[in-house]
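Positions -31 to -1, 1 to 472 (mature numbering (1 follows the signal peptide of the UniProt record, and there is no 0)) are the ones given, in order, by the sequence shown.
As C-alpha cells, the structure follows; a few thoughts come after it.
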Amino acid sequence: MEQDAFMEPFSSRVGVLRCKIYLLLLGACSGLKVAVPSHTVHGIRGQALYLPVHYGFHTPASDIQVIWLFERPHTMPKYLLGSVNKSVVPDLEYQHKFTMMPPNASLLINPLQFTDEGNYIVKVNIQGNGTLSASQKIQVTVDDPVTKPVVQIQPSSGAVEYVGNMTLTCLVEGGSRRVYQWLKNGRPVHTSSTNSFSLQNSSLHIAPVTKEDIGNYSCLVKNPVSRMESDIIMPTIYYGPYGLRVNSDRGLKVGEVFTVDIGEAILFDCSADSYPPNTYSWIQRTNNATYVIKHGPRLEVASEKIAQKTTDYMCCAYNNITGRRDETHFTVIITSVGIEKLAQKGKSLSPLASITGISLFLIISMCLLFLWKKFQPYKVIKQKLEGRPETEYRKARTFSGHEDALDDFGIYEFVAFPDASGVARMPARSVPASDGVPGQDLHSTIYEVIQHIPAQQQDHPESSSQDGEEDACLDRHDEAGLQELGHCKEQDKGKHSRAKQCI
C-alpha cells in the first residue's frame, strides 16, 4: 500500500508530460482513469480482504479526493470513508473495519463478515484547471470453505443387476454456496436413462443398476473459495454369469471339439465373468444319460481311462445371488495315434538305456580281446625263446642228456645250419653283413621233453619203449654232431610222431 502511495505522484507527473505531448500532436488530452483488477472478489469469512484500485490522470492536480461507498441490492449506497490528499475522513460507524492509505485508493476490509457482502464503489476526484471524476464498482462475496464430503450408498449390501436400484448421497458438514458434482473413474457423470440427480445434485440415483455401472465413484464439492473431493467408493453390483468358456492346457481345439491322444492327461478350465464367483459343475453324457462327475472350475480327464473314443461333456455355471445360470457343451475325441503310442509305451526302451547297454558291451568285448591276445600260449613261448642269449646255444653242444635225468626235462631248440662244415651255432636270426659273413636265415625247431612218472611207465609199456628210442636218438646226437641233427629235422618234417621219438 505504501509503495502504491509513492507511485501515485510519480504517475501524475508522467501523465502531465504525456498530456502535453498529446496536445502538441492531437490537440486533445484524455482525463482521469480508474482501474480495478477484477470486478468480483471472493472473500473468506473471518479473514481480511484487500480491494486494489489504480488511477491516473494527465493534467496538473492540486487536490486528489478518494471516496468509498457500499451498497446492497435494493438499498441506497452508504458512505464508508474518504480522503483528500493524505487526510482520511472515515465514517465513525466503520472506522475500525475499513482502512485506506492515501494517495493510494485501495481499501482493506478486516475482518470480513457475511454482512460485508455487496457492491463497493470507489470514486476519485481531481482538482486542477477543472474537476475530473472517475469511479469503479467491485462486487464482494463472502463464503465459508467447504469440508471434505462423505458418500453413502443405499442399499449398502449391494443391488442385483436389472433388478435393484441404488442411490449415492454426498454429505458435507461445512461450506456455503456448495456446488456438487459426481465423478465416475475421474470423469463427470451426466444424466442418462438410468442416472438422475437430486435438486442440488447432492444425490445420484441409478435405476436399475447394470454391470456397466460398476466403477469408482466420488463426490466433488466446491464454492468460490474452496473445493474438496470425497474418497473413492465402489458400489456392489451383482451380475453374471457372462462369457462362459472352456479351455484346456493340451489337445487341439476346433470350435467345441477337443482332440487329444490317448495316454495324455488333459486339464479343462471353466470360467465366466460373474460377481460373486460362480459355482461350477461338470456333467458327462454317456449312452443318452447325463450325470455330474465333479464340482469346481477345473476337470482333469485321463484319456486312457475313457472307454469311448468320443465323449460329450458340459460345464454349468451358476450365480447364487442373481439366480442365473449358463452352460456350455464340448466334445473330447481320442485319436488312434494315441492308441499306437500307448501300445509301444511299455515295449520301447529309452535312448539312454540303449546307449548304456551298447557301451558296456563294447567295453567288455575290448577287455576280453586284450586278455586273449596277451595270454596266447604260443606267443608266450616264442617271446621267451627269442629273448634267450646266444651263449645258451653254444652250451647245447656239450649236453648229453644222461648226467641227471631229472634235469633233462624242458624245452629245447635245435638249430640247423645250411653249411655243415663246422659253422658256429647261432640263434634263429640273420647274421649282419658287417660280421664278414653274408646274412643267412637259420632254421630252428622247438621240441619239448615231457617228464613221465615211473608209476605211469609201468602202467604203459609203450611209453617206456618210446623213452628208450629218445635216449638212443640223443646218443646219436652227441656222436654225429650237426649232421645227425639235420637228419633228425628231416625226419621231423616227414612225420611229427617220429620227431618226438628222436627227442
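Positions of the beta carbon are idealized from the N, C-alpha and C atoms, including for glycine.
Predicted model only: the values in this text are computed from it and were never measured.
ask   = Is it true that the CB of residue 233 sits closer than 9 angstroms to the CB of residue 219?
value = yes
ask   = Just to confirm, are residue 7 and residue 107 a CB contact at a threshold of 9 angstroms?
value = Yes. Within cutoff.
ask   = Distance, Cα to Cα, residue 81 vs residue 17?
value = 6 angstroms
ask   = Out of curiosity, what's the CA-to-CA distance linking residue 451 and residue 328?
value = Residue placement at residue 451 is flagged as unreliable, the pLDDT there being 44, under the threshold of 50; the coordinate-derived value follows with that caveat. Cα to Cα, residue 451 sits roughly 58 angstroms from residue 328.
Residue ranges of each alpha helix (DSSP H) within the segment 87 to 136, 4 or longer = Whole alpha helix (DSSP H) segments, 4+ residues: zero.
message = Can you give me the C-alpha to C-alpha distance between residue 148 and residue 286, rounded to a whole angstrom?
response = 46 angstroms
Range covered by the beta strand (DSSP E) that runs through residue 84 = Note, residue 84: premise wrong, no beta strand (DSSP E); not H, not E.
ask   = So, residue 128 versus residue 244, is the Cβ gap smaller than 9 angstroms?
value = It is not a contact, given that the beta carbons lie outside the stated cut-off.
inquiry  = I need the straight-line Cα distance from residue 79 to residue 69, nearest angstrom please.
reply    = 12 angstroms
query = In this structure, what does DSSP give as the bridge partners for residue 296?
reply = Per DSSP, 285.
ask   = So who's on the other strand from residue 248, going by DSSP bridges?
value = 287
key: the segment 183 to 198 touching the segment 114 to 125, judged by at least three CB pairs closer than 8 angstroms   = Short answer: they touch.
key: Unbroken beta strand (DSSP E) run spanning residue 173, endpoints   = Going by DSSP, residue 173 is part of the beta strand (DSSP E) stretching over 172 to 175.
message = So, for residue 112: in the same chain, excluding its five sequence neighbours on each side, which residues have a beta-carbon less than 6 angstroms away from its beta-carbon?
response = 145, 146, 192, 193, 194
request  = If I'm right that residue 105 touches residue 30 with Cβ under 8 angstroms, what's the distance once you round it to whole angstroms?
outcome  = Their Cβ separation, rounded to whole angstroms, is 19 angstroms, which puts residue 105 and residue 30 out of contact at 8 angstroms.
message = Using only the alpha-carbon positions, how far apart do residue 71 and residue 136 sit?
response = 58 angstroms
Where residue 160 falls, given that 16 or more other Cβ within 10 Å makes a residue buried = exposed
inquiry  = My output table needs one value for residue 438: the three-state DSSP class, helix, strand or coil.
reply    = A caution first: residue 438 carries a pLDDT of 47, below 50, which makes its placement in the model unreliable, though a value can still be read off. Helix.
message = Just verifying my parser: in three-state terms, what is the DSSP assignment at residue 179?
response = coil
request  = Throw me the rounded Cβ distance for the residue -1 and residue 101 pair, which I believe falls under 8 angstroms.
outcome  = With 8 angstroms as the limit, residue -1 and residue 101 qualify as a contact, their Cβ atoms being about 5 angstroms apart.
task = State the Cα-Cα distance for the pair residue 60 and residue 188, rounded to the nearest angstrom.
result = 46 angstroms
message = Rounding to the nearest angstrom, what Cα-Cα distance links residue 334 and residue 325 in this structure?
response = Each residue's CA atom was taken as its position, placing residue 334 and residue 325 some 14 angstroms apart.
ask   = Counting along the chain, where does the alpha helix (DSSP H) carrying residue 337 start and finish?
value = 320 to 343
key: C-beta contact flag for residue 270 and residue 236 at 9 angstroms   = yes
task = Determine the direct distance from the alpha carbon of residue 166 to that of residue 481, and round the result to whole angstroms.
result = This structure does not reach residue 481, given that the chain is present from -31 up to 472, and the question cannot be answered.
key: Proximity winner among 44, 76, 13, relative to residue 534 (alpha-carbon distances)   = In the structure as shown, the chain begins at -31 and stops at 472. Residue 534 is therefore absent and cannot be evaluated.
task = Apply the 10 Å Cβ neighbour rule to residue 65 and answer buried if 16 or more other Cβ atoms are within range, or exposed otherwise.
result = exposed
key: Beta-carbon proximity list for residue 221, same chain, < 6 angstroms, skipping 5 on both sides   = 228
request  = Report buried or exposed for residue 130, applying the criterion of at least 16 other Cβ atoms within 10 angstroms of its Cβ.
outcome  = buried
message = If distances are taken between C-alpha atoms only, which option among 163, 34, 14 comes closest to residue 84?
response = Checking every option, the nearest Cα to that of residue 84 belongs to 14.
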